[in-house]
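Here our numbering = 1-based position in the sequence shown + 87.
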Amino acid sequence: MSRHAHIFLLITSALIVHSSAKEPVKKATVLDHPQKVYVDKTSKKLYWPLGKPFWVRIAESADSTAKSYLLSDEIDSVRTDSGTRLDGSNLGDKGIRLDVTGKQALRWYNMVTGEKHALRFYSDGDAPKTEVKFQDIPKHVTGSNTFYGKGLTLELSAQDKMSGLDQIYASINGAPYQPYKNALSFTAEMVYNISFYAVDNVGNVSVPQTVNFAIDLSAPVTRINVANSYTSKDGKVILSKMQNLSLASHDSLSGVKETYFRMQKEEKFTLYKTAISLRNFQDGEYQISFYSVDNVGNQEAPKAFSFVIDNVSPVANVSFEGDLFEFKKGQLIISPRTLVKVDAKDARTEVGSIEYSINNSTFIPYKSPVPVSANPGKHLIAVRATDKLGNTSPVTNLSVTLDSKAPQSSYSFNGPMFKNNYIVCITPQTRITLSSQDDLSGIKTIQYSFQGDKPNNYVEPFPIPTEGSYILKFRGVDKVNNEEEIQMIPVMVDNTPPVLTETFSSPRLTASGDTSITRFQKSTTLFLQATDNASGVAGIWYTIDGKREEKYEKPVRFDKKGKYTVRIRAMDNVGKVSEKTLAFAIED
């Protein structure tokens with residue numbers, strides 16, 4: 088082989104690694120290369136291994152089969168060191184040894200003719216020098232780790248200045264050394280440990296060199312990160328302008344060099360440096376494409392991420408559970424029992440939270456219907472809602488008036504009525520009128536009952552048609568259902584007139600003639616009496632023989648003889664009247 092030979096070896100491995108960490112590799116053992124003498128066939132030069140002893144023979148001719156005779160050191164007329172070498176050996180026993188690499192000569196000098204002859208040869212004690220050359224492809228060095236990308240070819244070469252290069256040997260990941268024949272092409276993703284050395288033509292072996300590197304054939308993996316995103320029922324990812332898109336890449340070997348992105352309507356990819364703000368994005372659907380490149384040129388296939396921008400905040404609505412009356416448009420009246428209910432709707436996402444404030448207090452989370460206040464008067468309700476993307480609605484303000492005062496009701500009677508202590512006496516013809524007053528929401532209804540039945544809603548004056556004793560119950564209810572305490576009035580319905588009785592002071596006379604008329608003696612006194620079990624007697628009136636009616640206040644005395652017709656009328660306190668006519672005669 089020439090002195091500057093180049094050896095190539097094809098290396099293929101199926102082992103794929105997933106990290107650049109160097110694992111311990113068993114070192115291969117250098118092969119046995121005995122020293123040998125080498126004659127260059129072209130130049131006819133002889134190369135002798137340094138340190139290999141040699142002897143000199145004289146041959147009868149140049150023919151290799153001619154007899155030759157070994158010369159010993161006794162022939163020499165001059166000896167140095169008494170035929171002893173520096174190591175104590177005898178030249179004749181161990182031959183001649185060379186200590187310096189380079190040109191050597193056996194000189195012969197004819198002392199008679201002065202003719203000189205130099206028999207040249209070369210001693211070679213220097214090993215070849217090896218080199219490694221990597222193809223110009225992407226390379227990345229981090230710490231003690233070296234990475235190459237696709238298409239790496241490694242070239243080994245060696246030079247020897249004397250006898251020339253015989254062979255280069257290489258070991259792959261601790262395998263036995265083999266002669267190189269082809270270029271080193273690396274097609275598998277793994278960590279490589281390459282050891283190599285060279286041998287020259289006389290058996291000098293160079294010190295093995297080692298190179299360590301990893302082949303990275305895998306592209307990075309990029310993912311998109313979005314905090315607080317929302318996925319709709321149809322699988323769409325919904326974001327708001329308050330969010331950012333972050334791209335995170337990972338490469339297990341050489342590492343990520345750069346990441347690029349492009350929005351849907353952009354032609355070129357842009358280098359990703361920091362999170363992508365969505366601040367200026369309007370409502371609508373978008374798509375971002377992105378990929379990464381590692382430090383040895385492996386490029387990820389572009390990925391796409393579709394999303395929808397939702398900048399519309401939820402709509403918060405206030406409603407009420409319980410008593411509510413709208414006095415005028417926008418003027419709401421509620422009661423202490425009324426609860427405020429708040430809900431919210433969002434067109435694209437879900438509502439994340441609802442907050443409320445009453446009378447400018449701090450906003451607090453809404454969980455369930457809440458009362459407004461226990462205090463009457465005007466109150467301010469404020470509500471707002473935030474969706475799961477952070478879009479917060481404008482504050483919705485609502486003013487309400489709380490009515491906590493019950494109505495005040497009264498009654499009156501239209502028709503006969505008499506109040507006897509705490510009992511009111513009326514007739515079936517008497518009409519009962521109920522009325523009620525309320526300062527805020529107004530009267531919704533007046534409820535009444537008098538027979539222990541269910542309350543009736545008052546519509547118009549009403550009678551109690553049946554005679555008897557009753558408890559009239561009534562109360563007013565305003566338009567937010569504040570109920571007055573029940574008022575109770577004892578009522579007696581009187582439909583029976585008084586009972587009249589008369590008494591004469593003298594007994595009846597025995598009839599002696601006309602028996603159709605009752606007779607009393609002269610100076611007889613008439614006593615009148617009326618009783619009424621309900622309203623009581625208002626008075627008794629009488630008239631004698633059609634004369635002017637007089638109120639009975641004392642007994643009536645009859646002193647004159649004659650026939651009399653007395654008409655009597657009694658009236659109770661509710662105007663019920665009973666009448667009676669007495670016909671009698673007074674005799675001497």
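All residues carry an ideal CB built from backbone N, CA and C; glycine is no exception. Here the structure is a predicted model, which means the values were calculated and not measured.
Element boundaries [beta strand (DSSP E), containing residue i]
{"i": "Val586", "result": "586-591"}
{"i": "Asp659", "result": "649-659"}
{"i": "Ile375", "result": "371-381"}
{"i": "Gln524", "result": "518-524"}
{"i": "His337", "result": "331-337"}
{"i": "Leu243", "result": "239-246"}
{"i": "Val624", "result": "624-631"}
{"i": "Leu419", "result": "418-421"}
{"i": "Tyr267", "result": "Looking at the DSSP string, Tyr267 is not in any beta strand (DSSP E), and its letter there is neither H nor E."}
{"i": "Met57", "result": "The question about residue 57 has no answer, for the chain in this structure spans 88 to 675."}
{"i": "Phe394", "result": "390-396"}
{"i": "Met504", "result": "504-507"}
{"i": "Asn447", "result": "Asn447 -> no beta strand (DSSP E), and no H or E assigned at all."}
{"i": "Gln191", "result": "189-196"}
{"i": "Ala214", "result": "Element bounds for Ala214: n/a, residue is neither H nor E."}
{"i": "Ile604", "result": "Note, Ile604: premise wrong, no beta strand (DSSP E); not H, not E."}
{"i": "Leu527", "result": "No beta strand (DSSP E) contains Leu527, which DSSP labels as neither H nor E."}
Sequence-distant residues of the same chain with beta carbon closer than 6 Å to residue i, five excluded per side
{"i": "Ser665", "result": "Pro584, Pro585, Leu587, Ala657"}
{"i": "Thr532", "result": "Asn544, Val564"}
{"i": "Arg184", "result": "Pro140"}
{"i": "Asn484", "result": "Ala469"}
{"i": "Leu419", "result": "Glu413, Val487"}
{"i": "Asp338", "result": "Pro307, Asp381"}
Cβ-based burial, residue i [other Cβ within 10 Å; buried from 16]
{"i": "Lys541", "result": "exposed"}
{"i": "Asp163", "result": "Its pLDDT being 48, under 50, Asp163 is placed unreliably by the model, and the measurement read from it follows with that caveat. Exposed, by the Cβ-count rule."}
{"i": "Thr171", "result": "Unreliable positioning characterises Thr171 in this predicted model, as indicated by a pLDDT of 44, which lies under 50. A coordinate reading is not provided."}
{"i": "Met579", "result": "buried"}
{"i": "Ala391", "result": "exposed"}
{"i": "Asp565", "result": "buried"}
{"i": "Gln191", "result": "buried"}
{"i": "Asp632", "result": "exposed"}
{"i": "Ala472", "result": "buried"}
{"i": "Tyr156", "result": "exposed"}
{"i": "Tyr317", "result": "buried"}
{"i": "Asn501", "result": "exposed"}
{"i": "Thr152", "result": "exposed"}
{"i": "Thr597", "result": "exposed"}
{"i": "Ala146", "result": "exposed"}
{"i": "Ile604", "result": "exposed"}
{"i": "Val459", "result": "buried"}
{"i": "Ile573", "result": "exposed"}
Three-state secondary structure (DSSP) of residue i
{"i": "Lys181", "result": "helix"}
{"i": "Thr116", "result": "coil"}
{"i": "Leu476", "result": "coil"}
{"i": "Pro136", "result": "strand"}
{"i": "Gly555", "result": "strand"}
{"i": "Asn543", "result": "strand"}
{"i": "Lys220", "result": "strand"}
{"i": "Ser497", "result": "strand"}
{"i": "Lys128", "result": "coil"}
{"i": "Gln296", "result": "strand"}
{"i": "Lys344", "result": "strand"}
{"i": "Gln538", "result": "coil"}
{"i": "Ser665", "result": "strand"}
{"i": "Lys328", "result": "coil"}
{"i": "Thr514", "result": "coil"}
{"i": "Ser176", "result": "Residue placement at Ser176 cannot be trusted, given a pLDDT of 49 that sits under 50; what the coordinates show is reported in the next sentence. Three-state DSSP puts Ser176 in coil, outside helix and strand."}
{"i": "Arg471", "result": "strand"}
{"i": "Glu683", "result": "Lying outside 88 to 675, the shown extent of the chain, residue 683 is not represented and no answer is given."}
{"i": "Ala621", "result": "coil"}
{"i": "Phe356", "result": "coil"}
{"i": "Asn676", "result": "Limits of the chain in this structure are 88 at one end and 675 at the other, which puts residue 676 out of reach."}
{"i": "Thr274", "result": "coil"}
{"i": "Thr361", "result": "coil"}
Sequence-distant residues of the same chain with beta carbon closer than 7 Å to residue i, five excluded per side
{"i": "Ala115", "result": "Ser258, Gly261, Ala262, Pro263, Tyr264, Ser282"}
{"i": "Leu358", "result": "Glu345, Tyr347"}
{"i": "Pro456", "result": "Glu408, Leu426, Val427, Lys428"}
{"i": "Asn331", "result": "Ala362, Ile363, Ser364, Leu365"}
Cut-off 8 Å between Cβ atoms - residues of its own chain near residue i, not counting five sequence neighbours on either side
{"i": "Ser293", "result": "Ala214, Pro215, Lys216, Thr217, Ala245, Tyr284, Ala285, Val286"}
{"i": "Ile451", "result": "Glu442, Tyr443, Ser444"}
{"i": "Met504", "result": "Val511, Cys512, Ile513, Thr517, Val661"}
{"i": "Glu57", "result": "Residue 57 lies beyond the range of the chain shown here (88 to 675); nothing can be said about it."}
{"i": "Gln538", "result": "Tyr557"}
Below-9 Å beta-carbon distance, residue i vs any chain B residue
{"i": "Thr200", "result": "Among the chains of the structure shown, chain B does not appear; only one protein chain is present."}
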